[in-house]
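Beneath this line is the structure, given in structure tokens, with notes to follow.
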Amino acid sequence: MQEAMLIEDGVDGRDTPGVVDEVPAGVLEKLKEWVKTFDPSARLQLPRHLVHKSDPRNVFIARLERVSEARPDELAAQLIFDPTHPYHFEHPQDHVPGMMLMEAGRQLGLAVTHLFYGVALDAMFVLNDVKARFRRFAELGEPVFVYSAVHEKEYRRGRLISMRQAGLFIQRGEFLGSMEGSWSVYDRRLMERLRRRPRPGDGSATSRPMTAPATE
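Per full-length UniProt numbering, the sequence shown starts with residue 1, numbered consecutively.
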């Protein structure tokens, strides 16, 4: 079992525009408890369907909770990274690759919508924008956490159709970096109909790529 590591009294991200300014004390207390039980060999992780993965090696979220019932749009998460991952560690690395952290952030957004905002598991997600900024390397063998907040939620007929999420990556009480993005949520059947709708001058109705940057 890894020795408990110090999490400082505060993690400040105010120099990173657009993200949560500071990690509240209540979140830090939760992270301290998680550090005490951290075991990199335990492979604690969310069910893979919550992050739209079929291979458990590609699941990078270990656990995810709301900060409190009084603050339902603020989340704390612990990440998990396999240093033998065939893609992200296809060559020797002495730290967690930045793209692996970004994929963890993307997975966090998916899991949050399913667990806490009632989005159906077969919904389709369209990524509208994403940005990340890193200050320090994430070291291997030590837990990495995310404190994030959901905002700019938009509903239609009681169903979440878009949101923005911003978060801070934290390790050993230090601010590693930040990530922020927004996406839209579509009913799968509606999306399939939209993709088959002909455009002016395109001729017959066939499946065509979305104009949005990406789908999940």
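Virtual Cβ for every residue (Gly too), placed ideally from N, Cα, C.
Check, Outcome
"The stretch 50-62 touching the stretch 74-85, judged by at least three CB pairs closer than 8 Å", "yes"
"C-beta contact flag for Tyr-117 and Val-27 at 9 Å", "no"
"Outcome for Tyr-155 when other beta-carbon atoms lying within 10 angstroms are tallied against a minimum of 16", "exposed"
"Length at least 3, wholly inside the stretch 130-165: the beta strand (DSSP E) runs in chain order", "144-156"
"Beta-carbon spacing of Phe-134, Leu-101 below 9 Å", "yes"
"Assigned secondary structure, Arg-63 (DSSP; H/G/I helix, E/B strand, else coil)", "strand"
"8 Å contact criterion, which Leu-194 and Arg-136 should meet: CB distance rounded", "With 8 Å as the limit, Leu-194 and Arg-136 do not qualify as a contact, their Cβ atoms being about 42 Å apart."
"Chain-order list of residues whose beta-carbon lies under 6 Å from that of Met-5 (same chain, five-residue window excluded)", "Its pLDDT being 33, under 50, Met-5 is placed unreliably in this model, and the value from its coordinates should be taken loosely. Around Met-5: Val-35 and Arg-172."
"Ranges of the beta strand (DSSP E) found wholly within the stretch 19-102, counting only runs of at least 3", "61-68 and 71-79"
"Three-way DSSP call (helix, strand, coil) for residue 268 in this model", "Outside the displayed span of the chain (1 to 216) sits residue 268, for which this structure offers no information."
"Neighbour-count burial assignment, Pro-143, 16 or more Cβ in a 10 Å radius", "buried"
"Alpha-carbon to alpha-carbon, Asp-39 and Ile-61", "14 Å"
"Nearest-angstrom Cα separation, counted from Pro-92 out to Gln-107", "24 Å"
"Bridge-paired residues (DSSP) for Met-179", "Ala-132 and Gly-167"
"In DSSP terms, what Glu-174 is bridged to", "Gln-171"
"Neighbour-count burial assignment, Ala-111, 16 or more Cβ in a 10 Å radius", "buried"
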